[in-house]
Amino acid sequence: MKRYAVIGHPVAHSLSPRIHAAFAREAGIELDYRAIDATDFDASLADFLAAGGVGANVTLPYKQRAAKACATLGERARRAGAVNTLIRRDDSWHGDNTDGAGLVRDLTGRNRLDLRGRRTLLLGAGGGSRGVAPALLDAGIGDLYIVNRHAERADALADALGEPGRVHPRYLDDIASHGEFDLIVNATSAGHEGVFPSLPMSLIGPRTTAVDLSYGEASIGFLSWARGGGCREAIDGLGMLVEQAAESFELWHGVRPYTDAIYGQLRERDAALVSAD
Ligand code: NDP
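In the numbering used here, the protein residues as written are 438 to 714.
Below is the structure:
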């Protein structure tokens, strides 16, 4: 049986094994997909390979590290400087990035949003931000402002995107002076620590769509802040999670899985967990 995994830290609560098992059942493919909690990414990847691993998803905080482990990168991973999908090819790792395609598919497909021309604020400059920023630009958003706790990482991401007239790194402390945004994307992992960076309500208006890449409890702080400010829509990262997984599945198995059934199951589970709290 072919072996696949999601590698990250922490990763115990990852939904990826369940999603890939559901896709595999539907496609009639036998596979073994597990979560690997890695404190040393390179060592865990080597162990996984030695155990017969042929493909892996990579999650926080290793997406930029994974790009360095690859002999070849697809266009999306090269632009992102970050890898969320590893494919074993010709005795080496090939890296791709399906996060951006997953987010855009969820927003424009499932949520029927038109992203064109939207003045956008991206919070965070880690592996997730690097994956989604090129895809948002390709989807036709307007100007993209990037802020990050450590400002130099926002600068580095803006440089890598290479569109100086359209992409603007800014200091977190100065963001209040930039008015309302049409789209605010939270790609920080702060929610996993139960915190949310303090942001001015002036960023939100009645036309604002707020999107958190996180889902479940980790998304509650940001999405509550956005709803409290009167945003038009507040969307968590569950749909993106399923769509980026479908893109990875297609890269590995050559079959595009249907996503609605597993998305519905996970949404019900999420609602049950929140109401049980
Ligand atoms: P990384 O570890 O690569 O980056 C973390 C980012 O969060 C950095 O920008 C970091 O800032 C920022 N950050 C962390 N803690 C804080 C804090 N307390 N206050 C402010 N900023 C903080 O993680 P990823 O980019 O891979 O993931 C980010 C989030 O996106 C995670 O919640 C992840 O689960 C989610 N995600 C969801 C996906 C989905 O499919 N739904 C796909 C990809 C990501 P600094 O650089 O200053 O340390």
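Glycine is no exception: its CB is placed at the ideal position from the N, C-alpha and C atoms.
Distance, residue j Cα to residue i Cα
| i | j | result |
| --- | --- | --- |
| Y608 | L650 | 21 Å |
| W689 | G492 | 7 Å |
| S639 | R556 | 14 Å |
| I657 | G628 | 8 Å |
| S685 | T645 | 30 Å |
| P454 | V443 | 8 Å |
| G666 | S614 | 17 Å |
| C655 | E630 | Rather than Cys, the amino acid found at residue 655 in this sequence is Ala. Straight-line Cα distance between these residues: approximately 8 Å. |
Proximity test, residue i beta-carbon vs the ligand PLP heavy atom, cut-off 7 Å
| i | result |
| --- | --- |
| V632 | Among the ligands modelled here, namely the ligand NDP, the ligand PLP does not occur. |
Per-residue burial, residue i [other beta carbons within 10 Å of its own, 16 or more giving buried]
| i | result |
| --- | --- |
| M398 | It is not possible to answer for residue 398, since the shown part of the chain is limited to 438 through 714. |
| N548 | exposed |
| H587 | exposed |
| S529 | exposed |
| P601 | exposed |
| H531 | buried |
| S481 | buried |
| H457 | buried |
N-terminal and C-terminal residue of the beta strand (DSSP E) that residue i is part of
| i | result |
| --- | --- |
| S622 | Inspection of the sequence shows that residue 622 is occupied by Val rather than by Ser. From DSSP, the beta strand (DSSP E) with V622 extends over L620 to N623. |
| I578 | Counting along the chain, I578 falls outside any beta strand (DSSP E), and DSSP gives it neither H nor E. |
| S529 | S529 to D533 |
Whether residue i touches residue j by CB criterion (8 Å)
| i | j | result |
| --- | --- | --- |
| P643 | R669 | yes |
| V495 | A472 | no |
| G653 | D707 | yes |
| R440 | A488 | yes |
| E680 | I641 | no |
| A595 | I583 | yes |
| D474 | H446 | yes |
| L518 | A503 | What sits at residue 518 in the sequence shown is Gly, not Leu. Result no, Cβ atoms of G518 and A503 do not sit closer than 8 Å. |
Residue span of the alpha helix (DSSP H) that contains residue i, given as start and end
| i | result |
| --- | --- |
| S481 | F478 to A487 |
| A461 | S453 to A464 |
| R556 | Where R556 is concerned, there is no enclosing alpha helix (DSSP H), given that its DSSP letter is neither H nor E. |
| R664 | I657 to G665 |
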